[in-house]
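K.L.:
In terms of my numbering, the sequence shown opens at residue 1070 and continues consecutively. Glycine included, every Cβ here is placed at the ideal spot set by N, Cα and C. All of these numbers come straight from a predicted model, not from anything done at the bench. The following block contains the structure, expressed as structure tokens.
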Amino acid sequence: MKKITILLISLAFLVACKSDKKEADVTKIENKEPLKVFMFDGGTVQVNNLEIFSQGDLYKGESKTFADAFYVIQHPKGNMLWDAGLAEALVEQEPFTTPNGAFTVSRKMGVNEQLKQINLSPNDFKYIALSHTHFDHSGSASKFTDATWIVQEAEYNFVTSQEQQKHSADNYNAIKDLKNIKKIKGDFDVFGDGTVVIKSTPGHTPGHQSLFLDLKQEGPLLLTGDLYHFEENRKGAIVPSFNHSLEDTKASMEIFEAFAEKKGARVIIQHSLKDFNSLNHAPEPIQ
1070 MKKITILLIS
1080 LAFLVACKSD
1090 KKEADVTKIE
1100 NKEPLKVFMF
1110 DGGTVQVNNL
1120 EIFSQGDLYK
1130 GESKTFADAF
1140 YVIQHPKGNM
1150 LWDAGLAEAL
1160 VEQEPFTTPN
1170 GAFTVSRKMG
1180 VNEQLKQINL
1190 SPNDFKYIAL
1200 SHTHFDHSGS
1210 ASKFTDATWI
1220 VQEAEYNFVT
1230 SQEQQKHSAD
1240 NYNAIKDLKN
1250 IKKIKGDFDV
1260 FGDGTVVIKS
1270 TPGHTPGHQS
1280 LFLDLKQEGP
1290 LLLTGDLYHF
1300 EENRKGAIVP
1310 SFNHSLEDTK
1320 ASMEIFEAFA
1330 EKKGARVIIQ
1340 HSLKDFNSLN
1350 HAPEPIQ
């Protein structure tokens, strides 16, 4: 009888321990810091010749103003910057028109000034990822030398090539000081929990990529990078004349749209003034 009593007490103790552990695990999950995403102003791009954003003369004689946002993703495992806006040399300067007359660009605030609004500095970032390495997406990238640059191997090879260094020096110079590099091929789950996933969408450049964010309140978001530049481009699956590959862009659009539908994600066209204004609550998080 004494042995039975001891056995019952032991079993009760084990059950209680398991129950306590289960409750502790639940508390740990419930207290987990949610993903936060902030959108900031990386400048303005006035497109003086919208015709180049099609394969023909669809937009001949038209112009359009583009937003140029950059995003701060705060995850319990670290901070990540997505895109970096226009060159910081533009801050507090007169708008600059490119030599070919296609674009007039301007930027009111630098990245440091905006990050201060959420008590961060470039040194506080674990990762930086660019949708691609064109000048309007890499402007502040050189400030994040402590961060690891997550880049598609094809994009890295493209922007560091001798041809790019010679003919598109601004694009190369924006990233040349980033020495902590993580090259990837295809989709990449940044923090390993499905909340921040880089989606490979080549075509605009060889290693162009988009970003999936699974927010608790706002719901799933998909940031396009330059897969699309404005609403009509997306509606008609229209490819700019200067894209690296027409075929790759079309294929990426199909994959992107299928993924967006599967996830029920809201698509944010990064150059869209409409989307920018709908999310622009800085310094409050999107979700």
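So, are the CB atoms of I1244 and F1257 less than 8 Å apart?
P.N.:
No; because the gap between Cβ atoms is not below 8 Å, this pair is not in contact.
K.L.:
Using the rule of at least 16 other Cβ atoms within 10 Å of the residue's Cβ for burial, across every protein chain shown, is D1295 buried or exposed?
P.N.:
Buried: at least 16 other Cβ atoms inside 10 Å.
K.L.:
Leaving aside the five residues before and after S1269 along the sequence, list all residues of the same chain whose C-beta is less than 6 Å from its C-beta, in chain order.
P.N.:
For S1269, where only same-chain residues beyond five positions count, the Cβ hits under 6 Å are G1255, D1256, Q1278.
K.L.:
On the criterion of 16 or more Cβ atoms from any shown chain inside 10 Å, does Q1231 qualify as buried, or is it exposed?
P.N.:
Label assigned to Q1231: exposed.
K.L.:
Roughly how far, in whole angstroms, is the beta-carbon of L1150 from the beta-carbon of F1194, given that I think they are within contact range, below 8 Å?
P.N.:
Contact flag correct, Cβ pair sits at about 6 Å.
K.L.:
Below 8 Å between beta carbons: does that hold for F1139 and H1340?
P.N.:
No, Cβ-Cβ distance for F1139 and H1340 is not below 8 Å.
K.L.:
Which value, in whole angstroms, describes the spacing of the CA atoms of P1354 and V1106?
P.N.:
One C-alpha to the other measures close to 5 Å.
K.L.:
According to the Cβ coordinates, are E1301 and I1307 closer than 8 Å?
P.N.:
Contact: yes.
K.L.:
DSSP three-state label for A1039, please.
P.N.:
The chain is shown only over 1070 to 1356; residue 1039 falls outside these bounds and no answer can be derived.
K.L.:
How far does the beta strand (DSSP E) with T1017 in it extend, from its first residue to its last?
P.N.:
Absent from the model: residue 1017. The displayed extent of the chain is 1070 to 1356, so no value can be given.
K.L.:
For Q1143 and K1319, what's the separation of their Cα atoms in angstroms?
P.N.:
Near 32 Å, if we compare the C-alpha coordinates of K1319 and Q1143.
K.L.:
Less than 8 Å between the C-beta atoms of Y1225 and G1272, yes or no?
P.N.:
Their beta carbons are not under 8 Å apart, which means Y1225 does not touch G1272 by this criterion.
K.L.:
Suppose the cutoff is 7 Å on Cβ atoms and the five residues either side in sequence are ignored; what does the same chain contact list for F1299 look like?
P.N.:
Around F1299: K1133, I1338, H1340, S1341.
K.L.:
Provide the residue span of the alpha helix (DSSP H) that contains N1349, from first to last.
P.N.:
Counting along the chain, N1349 falls outside any alpha helix (DSSP H), and DSSP gives it neither H nor E.
K.L.:
So, are the CB atoms of L1292 and R1335 less than 8 Å apart?
P.N.:
Cβ distance not < 8 Å, so L1292 and R1335 don't count as in contact.
K.L.:
Assign G1112 to one of three DSSP states: helix, strand, or coil.
P.N.:
Note: G1112 maps to strand in three-state DSSP.
K.L.:
Pick helix, strand or coil for F1194, following the three-state DSSP scheme.
P.N.:
DSSP places F1194 in coil when its eight states are reduced to three.
K.L.:
Bridge partners of T1166, per DSSP?
P.N.:
For T1166, which the question treats as bridged, DSSP gives the partners T1173.
K.L.:
Look at the alpha carbon of K1130 and the alpha carbon of N1117, and state the distance between them as a whole number of angstroms.
P.N.:
The sequence given here has Gly at residue 1130, not Lys. Their backbone Cα atoms lie some 9 Å apart in a straight line.
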